[in-house]
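Following: one structure in structure tokens, then a few remarks.
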Amino acid sequence: MSADTQAVPGLTPSQTVGPYLHIGLDWLNTTALAAPDVAGERIVIHGLVLDADRAPVSDGIIEIWQANSHGRYAHPDDVRELPLERGFAGFGRMPTGLKGEFHFSTIKPGRVPTPHGQLQAPHILVNVFARGLLKQLVTRIYFPGDDHASDPVMAQVPVDRRPTLIAQPAEGKAGVFEWNILLGGDQNETVFFDF
3 MSADTQAVPG LTPSQTVGPY LHIGLDWLNT TALAAPDVAG ERIVIHGLVL
53 DADRAPVSDG IIEIWQANSH GRYAHPDDVR ELPLERGFAG FGRMPTGLKG
103 EFHFSTIKPG RVPTPHGQLQ APHILVNVFA RGLLKQLVTR IYFPGDDHAS
153 DPVMAQVPVD RRPTLIAQPA EGKAGVFEWN ILLGGDQNET VFFDF
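Under the working numbering, residues 3 to 197 are what the sequence shown spells out, in order.
Below, the structure written as structure tokens:
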């Protein structure tokens with residue numbers, strides 16, 4: 003091939019965690035983590051995923067992972083002698099709606115220990131996947147009124163940033179919590195963790 007006919011390599015597509023194909027993934031979507039007979043305080047969490055300009059992220063996916071009300075995960079690696087009910091999945095997954103909305107119905111998790119045995123405040127682990135992210139974002143949902151001061155993860159978060167991790171009771175709706183995910187911006191960006 004002569005120099006004037008050599009192919010010029012094109013730009014490679016950016017590597018992000020979205021958009022998503024529905025083929026083969028929809029079966030993972032579930033917003034109800036606990037059957038009616040599972041022990042624990044019933045809660046609903048709903049919120050929005052918003053970008054740095056406060057525009058809705060309509061093509062994201064939210065995944066949550068949590069312990070049951072006794073503080074045990076529905077996973078084979080959790081071999082602690084705590085009750086584990088068959089109707090508790092502990093995992094939820096939902097694509098965001100047109101307004102960036104998501105919701106999950108579950109139970110309030112119990113306290114779980116760190117690998118070093120220190121108890122953490124009740125929390126739900128959250129993964130956020132969206133177009134433009136090179137990898138998922140990891141954060142947590144905590145609940146008002148719990149002992150956050152003794153939680154070793156929350157202790158690493160500056161005090162003025164901690165409210166971004168705490169769900170708030172929905173006005174006039176018992177057991178319903180509001181928690182929004184703000185992906186950027188100068189004020190109130192959700193705290194994300196590197197694990």
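Quick reminder that beta carbons are idealized off the backbone N, C-alpha and C, glycines included. All figures in this text were calculated on a predicted structure; none of them were measured in a lab.
Fewer than three Cβ pairs drawn from the region 114-125 and the region 53-61 lie within less than 8 Å of each other, which leaves the two stretches out of contact.
Per the Cβ contact rule, the region 160-179 is not in contact with the region 129-139 (fewer than 3 Cβ pairs under 8 Å). In this structure, the CA atom of residue 157 is about 35 Å from the CA atom of residue 100. Residue 185 counts as buried, since at least 16 other C-beta atoms from the protein chains shown sit within 10 angstroms of its C-beta.
Counting only residues of its own chain and dropping the five nearest sequence neighbours on each side, residue 45 has a CB closer than 7 Å to the CB of 108, 109, 110, 177, 179. Sequence-distant partners of residue 72 (beyond 5 residues in either direction) whose C-beta falls short of 6 Å from its own C-beta, in its chain, are 84, 85, 112. Per DSSP, residue 89 lies in no beta strand (DSSP E) segment and is marked neither H nor E. Residue 48 holds the alpha-carbon nearest to the alpha-carbon of residue 97 among 143, 115, 149, 48. In terms of CA proximity to residue 61, 50 leads the group 41, 50, 196, 160. When beta bridges are read from the DSSP output, residue 144 appears opposite 125, 168.
Using a Cβ distance threshold of 7 Å, residue 144 and residue 127 do not count as a contacting pair.
Nearest in C-alpha terms to residue 116, of all of 133, 74, 134, 147, is 74. Residue 148 and residue 135 have their C-alpha atoms spaced approximately 32 Å apart. A check of alpha carbon separations from residue 162 across 34, 193, 41 identifies 193 as the nearest. Shortest Cα-Cα distance from residue 70 to any of 188, 94, 154, 183 involves 94.
The C-beta of residue 81 has fewer than 16 other C-beta atoms within 10 Å across all chains shown, which makes the residue exposed.
If you ignore the 5 residues before and after residue 146, its C-beta comes within less than 8 Å of the C-beta of 168, 169, 170, 171, all in its own chain and listed in chain order. For residue 68, the number of other beta carbons within 10 angstroms of its own is at least 16, and it is reported as buried. Judged by DSSP in its simplified three-state form, residue 35 adopts coil rather than helix or strand.
Within the model, the alpha-carbon separation for residue 104 versus residue 34 is close to 12 Å.
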